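Enquirer: Sharing a structure, written as structure tokens. Questions coming.
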Amino acid sequence: MRPGAALDVVELAAGVVLAGAVLALWRKDLRALISVLSLQGASLATLAAVLAVHDGDVGLGVVAGVVLVAKGLVIPGLLARVVRADPGSRETAPLVNVPASLVTAAILVVVSYLVAGRLTALFPNALTRLAPLGLATVLVGFFVLVTRRKAVSQIVGLLLVDNGVALVAFLLTAGVPLLVELGASLDVLLVVVVLQVLATTMRARFGHIDLDQLRELHD
Amino acid sequence: MLLLAIVCVPLAAGALAGALPWRRAVGWAMALANATVLGLGVVLAVQADHHRVAGGLDGALRADALSAFMVVVIGTISLLASIQSIRYLDAEIARGEHRARHASLYSLLVQVFVACMLAAVLAANLGALWVAVEATTIATTFLVGHRRSDKALEASWKYVLICSVGIALAFLGTVLVYFAAIHVSAHPTGASVLDWTSLMHASHRLDPGVVRLAMALLVLGYGTKVGLAPMHSWLPDAHSQAPAPISALMSGVLLTVAFYGLLRFKAIADGALGPGFTRTLLVIVGLASLLVAASLLLTQRDMKRMLAYHSIEHMGLIALGAAAGTTLAIAAVLLHILGHGLAKAVLFLASGEILLVEGTSEIDKVPALLARRPLLGGIFGFGLVALLGLPPFSLFVSELNMIRGELAVGLGWAAGLSLVAMAVIFAAVMAHGRHLLLGGQGATPSATSRLVGIPLVGGLAACAFFGLSAWPLQPLLDGAARVVVR
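For the record, the sequence lines run as chains A and B. Position one of the first sequence corresponds to residue 2 (my numbering), numbered consecutively onward. Position one of the second sequence corresponds to residue 61 (my numbering), numbered consecutively onward.
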């Protein structure tokens, strides 16, 4: 693969991750959110694979495979099971409406570029230049988490944050050391399993998984 | 070998509990395993006293005086909690709340939880530290929800979601530290770049701008697990809904294990930036936590929620002490970690016993405890005295030394504000405590189980002993403080 093409793929993949996060703000259908996560997982895996081939890094190749299986297939699969138990459920009333959310997302992207300037300046190259995309994904994910009320949407917010962090890690340092990366992937997978079990239990117990209606614990 | 044994003993005991049907003997085996961890921790601490650094598992595990001290703290609290777990599980099974299978799962998860905390403080690599801290969240979620009530379910959801987001930010911070480090490292591709020793070695050459961003994320991220404001909102729910032994472990050690991570990163950031930047961050989150605790403690009706807000207060105090950052202040922070762990574990375990025998943990519904159950009431009363930082308990000494440290570096104003918050909390807790212990009509006294009495009195006695005597802990505390002070 010529270097230019590799870079094109990396740029496209990074762009898709952020675009996915913005799409998650726009779509209210929970199944669409899960497809977005799947797409992000595949993009991250592609990005890691391209870097692995380019650097001849076997460990990173393994990571790419793990990311594809965990973020691209298993995690979306687990979430799909939650949604299937609750057909027709949509994110009905986000705390912030869609147009305002999209404007906020635009502001968050600008903020990321301002904050990440220092990262790019330390080691300016084609990859670190893209780091603000990952940071913006983290911020948008955080925004989804605090403004959406359905259990599945909150899990999606958490995973957007996580995918953003993974994107930054791949772009800045071609991933963290292999063992740490594998440990981190396993942890994220287990967290999603735990959340899926909790969501299923809530659905069985309360007949819904709308966190607005869970307000027993407060001060 | 020693380090590997420390992590594996609780795991092996957990596997045993998972495989066997639950009975009392299995519970005692868990307690024995945790006592072994404490014993090995003391051996490690004695070695570390002689400036030896232990390694294990091909360099993946590493223990200096700071790690050794944390192993001792984890061993102590988990020993107390595992003895009380026997009583909790017995009672739950007797009442038909749980089947024996749930008790086995509970024991397994508790031991995995303890092993994860031990792995966190013994990890040589700061990335591995992150993995272990995140794993504690996973192991504890189902323990928080062990009561299977609606409230417990809601509390577990909040707990796992908020802590996972926080810890994801801490991971981003770790990635940024790694990014800064590989540009100054001689071997930029090795996994050892994130090792504590190589990071400390390279810290003064790290790019200040990147480290500043990383440290802000780390304080926010690990701060979530510590229960520091503004990411503390999971803590009162999780600690009040979890079974008492779990609350004791979470409040007594899990919070401070996360703080241990912050102490390590603070040392690295201080090398790159000087002490000023991290100090500012810690003062902000510390004072915010004290404010939250002081304003919300007043209105609490449930004793476990009251104790949970008390944890936020003490984490705030520890953050201020760490902000001062002198050897004296850090040694005091570490003593406070131990003293708070002991006192808070004793109080949570006592409140679990109160819930068991009185059927409620609401303060209004349990008056005159001292007259009706002298031993249990006495333990709760002395526990509150310890927690409020009164002599002879060690929290008095450590709070005093933290304030001395803060005055020495010009943080007198922050120390003053913290004293105001502590005074408000003192008044609130005294009002609650007076009703609980003395209020209402007395009745015939009844005895308290020895299984409860002996460990809890032992915990309080240890807390008082460390308040009165510098021996044998002081050399270890000083050695541990010097690890993270430049």
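Glycine included, C-beta positions come from ideal geometry on N, C-alpha and C. Note that the coordinates shown come from a computational prediction; the quantities given were computed from them, not determined experimentally.
Pull the bridge partners of A114 (chain B) from the DSSP assignment, please.
Expert: By 1-based counting over the second sequence, the position of residue 114 (chain B) is 54. For A114 (chain B), which the question treats as bridged, DSSP gives the partners B:A123.
Enquirer: Given that R119 (chain A) touches chain B, what residues does it touch there, using C-beta distances under 7 Å?
Expert: Here residue 119 (chain A) refers to the residue found at position 118 of the first sequence. Those within 7 Å of R119 (chain A) in chain B are G269, V270, L273.
Enquirer: So, with DSSP's three-state summary, where would you put A105 (chain B)?
Expert: Numbered from 1 along the second sequence, position 45 holds the residue referred to as residue 105 (chain B). Three-state DSSP puts A105 (chain B) in a helix.
Enquirer: In whole angstroms, what separates the C-alpha of H374 (chain B) from that of H400 (chain B)?
Expert: Along the second sequence, read from residue 1 onward, the residue named residue 374 (chain B) stands at position 314. Along the second sequence, read from residue 1 onward, the residue named residue 400 (chain B) stands at position 340. About 7 Å.
Enquirer: With 16 as the cutoff for other CB atoms within 10 Å, does N164 (chain A) come out buried or exposed?
Expert: Here the question's residue 164 (chain A) lines up with position 163 in the first sequence. Buried, because 16 or more other Cβ atoms sit within 10 Å of the Cβ of N164 (chain A).
Enquirer: Which residue from B:G269, B:F231, B:G438, B:H264 puts its Cα closest to that of L497 (chain B)?
Expert: Along the second sequence, one-based indexing puts residue 497 (chain B) at 437. Out of B:G269, B:F231, B:G438, B:H264, B:G438 has the C-alpha closest to the C-alpha of L497 (chain B).
Enquirer: Using a Cβ cut-off of 7 Å, pull out every chain A residue sitting near G187 (chain B), in sequence order please.
Expert: For the purposes of this step, residue 187 (chain B) is taken as residue 127 along the second sequence, with counting starting at 1. Ordered by position in chain A, the residues that pass the 7 Å Cβ test against G187 (chain B) are V177, P178, V181.
Enquirer: Could one say the Cβ of S164 (chain B) lies closer than 9 Å to chain A's Cβ atoms, at least one of them?
Expert: Position 104 of the second sequence holds residue 164 (chain B). S164 (chain B) does not count as touching chain A.
Enquirer: Please list the partners that D163 (chain A) has in chain B, where partner means a Cβ-to-Cβ separation under 7 Å.
Expert: The residue given as residue 163 (chain A) occupies position 162 in the first sequence. Those are A228, listed as they occur along chain B.
Enquirer: Closer than 8 Å is the cut-off here; do at least three beta carbon pairs connect the region 281-288 of chain B with the region 95-110 of chain B?
Expert: In short, these stretches do not touch, since the Cβ pair count stays below three.
Enquirer: Which same chain residues end up closer than 7 Å to L183 (chain A) when comparing Cβ atoms and leaving out the 5 residues on each side of it in sequence?
Expert: For the purposes of this step, residue 183 (chain A) is taken as residue 182 along the first sequence, with counting starting at 1. If we look at L183 (chain A) and ignore the five residues flanking it on each side, its Cβ neighbours are V67.
Enquirer: Give the list of continuous alpha helix (DSSP H) stretches no shorter than 4 residues that lie fully inside the region 159-209 of chain B.
Expert: Listed in chain order, the complete alpha helix (DSSP H) runs (minimum 4 residues) inside the region 159-209 of chain B are 160-182, 186-204.
Enquirer: Are the beta-carbon atoms of L182 (chain B) and S127 (chain B) separated by less than 9 Å?
Expert: Within the second sequence, residue 182 (chain B) is the residue found at index 122, counting from 1. Within the second sequence, residue 127 (chain B) is the residue found at index 67, counting from 1. Yes; because the gap between Cβ atoms is below 9 Å, this pair is in contact.
Enquirer: If you follow the alpha helix (DSSP H) that N98 (chain A) is in, where does it begin and where does it stop?
Expert: Your numbering for residue 98 (chain A) matches position 97 in the first sequence. Unbroken run through N98 (chain A): none, as it is neither H nor E.
Enquirer: Keeping to the same chain, check which residues put their C-beta closer than 6 Å to that of K218 (chain B); ignore five residues upstream and five downstream.
Expert: Mapped onto the second sequence, residue 218 (chain B) falls at position 158. Correct list, in chain order: W294, D297.
Enquirer: Can you give me the start and stop residues for the alpha helix (DSSP H) that W473 (chain B) sits inside?
Expert: For this step, residue 473 (chain B) is matched to residue 413 along the second sequence. Residues 472-497.
Enquirer: Quick one: give me the first and last residue of the alpha helix (DSSP H) that G441 (chain B) is part of.
Expert: Within the second sequence, residue 441 (chain B) is the residue found at index 381, counting from 1. Its alpha helix (DSSP H) spans residues 434-447.
Enquirer: Nearest-angstrom Cα distance between L394 (chain B) and D58 (chain A)?
Expert: Your numbering for residue 394 (chain B) matches position 334 in the second sequence. Your numbering for residue 58 (chain A) matches position 57 in the first sequence. Each residue's alpha carbon lies about 42 Å from the other.
Enquirer: Alpha carbon to alpha carbon, how far is G376 (chain B) from P81 (chain B)?
Expert: Locating residue 376 (chain B) in the second sequence gives position 316, where the first residue counts as 1. Locating residue 81 (chain B) in the second sequence gives position 21, where the first residue counts as 1. Between G376 (chain B) and P81 (chain B), the C-alpha separation is close to 42 Å.
Enquirer: Provide the residue span of the alpha helix (DSSP H) that contains S371 (chain B), from first to last.
Expert: Reading the second sequence from its first residue, position 311 is the one you call residue 371 (chain B). Residues 363-384.
Enquirer: Counting only Cβ pairs nearer than 7 Å, list the residues of chain B close to R206 (chain A).
Expert: Stepping through the first sequence from its first residue, residue 206 (chain A) is reached at position 205. Here the neighbours are D210, L213.
Enquirer: Measuring only between beta-carbons, confirm whether A25 (chain A) sits less than 9 Å from chain D.
Expert: Chain labels in this structure do not include chain D; the protein chains are A and B.
Enquirer: Excluding the 5 residues preceding and the 5 following F171 (chain A) in the sequence, name in chain order all residues of the same chain whose CB lies nearer than 6 Å to its CB.
Expert: Looking up residue 171 (chain A) in the first sequence gives position 170. Counting only Cβ-Cβ distances below 6 Å, and skipping sequence neighbours, we find L48, A49.
Enquirer: Cα separation between F319 (chain B) and A160 (chain B)?
Expert: Against the second sequence, residue 319 (chain B) aligns to sequence position 259. Against the second sequence, residue 160 (chain B) aligns to sequence position 100. Going by the C-alpha atoms only, they are around 35 Å apart.
Enquirer: Can you tell me the Cα-Cα spacing of S478 (chain B) and L350 (chain B), whole angstroms?
Expert: Locating residue 478 (chain B) in the second sequence gives position 418, counting from the first residue. Locating residue 350 (chain B) in the second sequence gives position 290, counting from the first residue. S478 (chain B) and L350 (chain B): Cα-Cα distance of roughly 7 Å.
Enquirer: Within 9 Å (strictly less), CB to CB, does L225 (chain B) reach chain A?
Expert: As a working mapping, residue 225 (chain B) is identified with position 165 in the second sequence. First, the residue type needs correcting, since residue 225 (chain B) is Val and not Leu in the sequence shown. Yes, because at least one Cβ of chain A sits closer than 9 Å to the Cβ of V225 (chain B).
Enquirer: Leaving aside the five residues before and after T387 (chain B) along the sequence, list all residues of the same chain whose C-beta is less than 8 Å from its C-beta, in chain order.
Expert: As a first step, residue 387 (chain B) must be located in the second sequence, where it is residue number 327. Once the five neighbours on either side are set aside, the close Cβ partners of T387 (chain B) are D538, A541, R542, V545.
Enquirer: Measuring alpha carbon to alpha carbon, tell me which residue in B:F239, B:P532, B:G499 is nearest A431 (chain B).
Expert: Here residue 431 (chain B) corresponds to residue number 371 of the second sequence, with the count starting at 1. When each option's Cα is compared against that of A431 (chain B), the closest is B:G499.
Enquirer: Determine, using beta-carbon pairs with one atom in the region 173-192 of chain B and one in the region 129-140 of chain B, whether at least three such pairs fall under 8 Å.
Expert: In short, these stretches touch, since the Cβ pair count reaches three.
Enquirer: Just reading off the alpha helix (DSSP H) that K285 (chain B) is part of, what are its end residues?
Expert: To locate residue 285 (chain B), count along the second sequence from 1; it is residue 225. Segment 268-286, the alpha helix (DSSP H) holding K285 (chain B).
Enquirer: Kindly indicate which residue of B:S311, B:R339, B:L455, B:V193 has the alpha-carbon position closest to the one of H292 (chain B).
Expert: Here residue 292 (chain B) refers to the residue found at position 232 of the second sequence. Among B:S311, B:R339, B:L455, B:V193, the Cα nearest to that of H292 (chain B) is on B:S311.
Enquirer: Do G346 (chain B) and A383 (chain B) have their C-beta atoms within less than 9 Å of each other?
Expert: As a working mapping, residue 346 (chain B) is identified with position 286 in the second sequence. As a working mapping, residue 383 (chain B) is identified with position 323 in the second sequence. Against a cut-off of 9 Å, the Cβ pair of A383 (chain B) and G346 (chain B) comes out as a contact.
Enquirer: For chain A, check one thing: does any of its Cβ atoms lie closer than 9 Å to the Cβ of T197 (chain B)?
Expert: Start at 1 with the first residue of the second sequence, and residue 197 (chain B) comes out as number 137. Cβ-Cβ to chain A under 9 Å: yes for T197 (chain B).
Enquirer: Which residues in the same chain as A200 (chain A) place their Cβ atom closer than 8 Å to its Cβ, once the five residues preceding and following it in sequence are excluded?
Expert: For the purposes of this step, residue 200 (chain A) is taken as residue 199 along the first sequence, with counting starting at 1. Around A200 (chain A): V83, A152, V153, I156, I210.
Enquirer: Chain A partners of S216 (chain B), CB-CB under 7 Å?
Expert: One-based indexing of the second sequence puts residue 216 (chain B) at position 156. Chain A residues near S216 (chain B): L199.
Enquirer: Starting from the beta carbon of F337 (chain B), find every residue of chain A whose beta carbon is closer than 7 Å, and list them in chain order.
Expert: Locating residue 337 (chain B) in the second sequence gives position 277, counting from the first residue. By Cβ distance, chain A contributes nothing, its closest Cβ being about 14 Å from F337 (chain B), past 7 Å.
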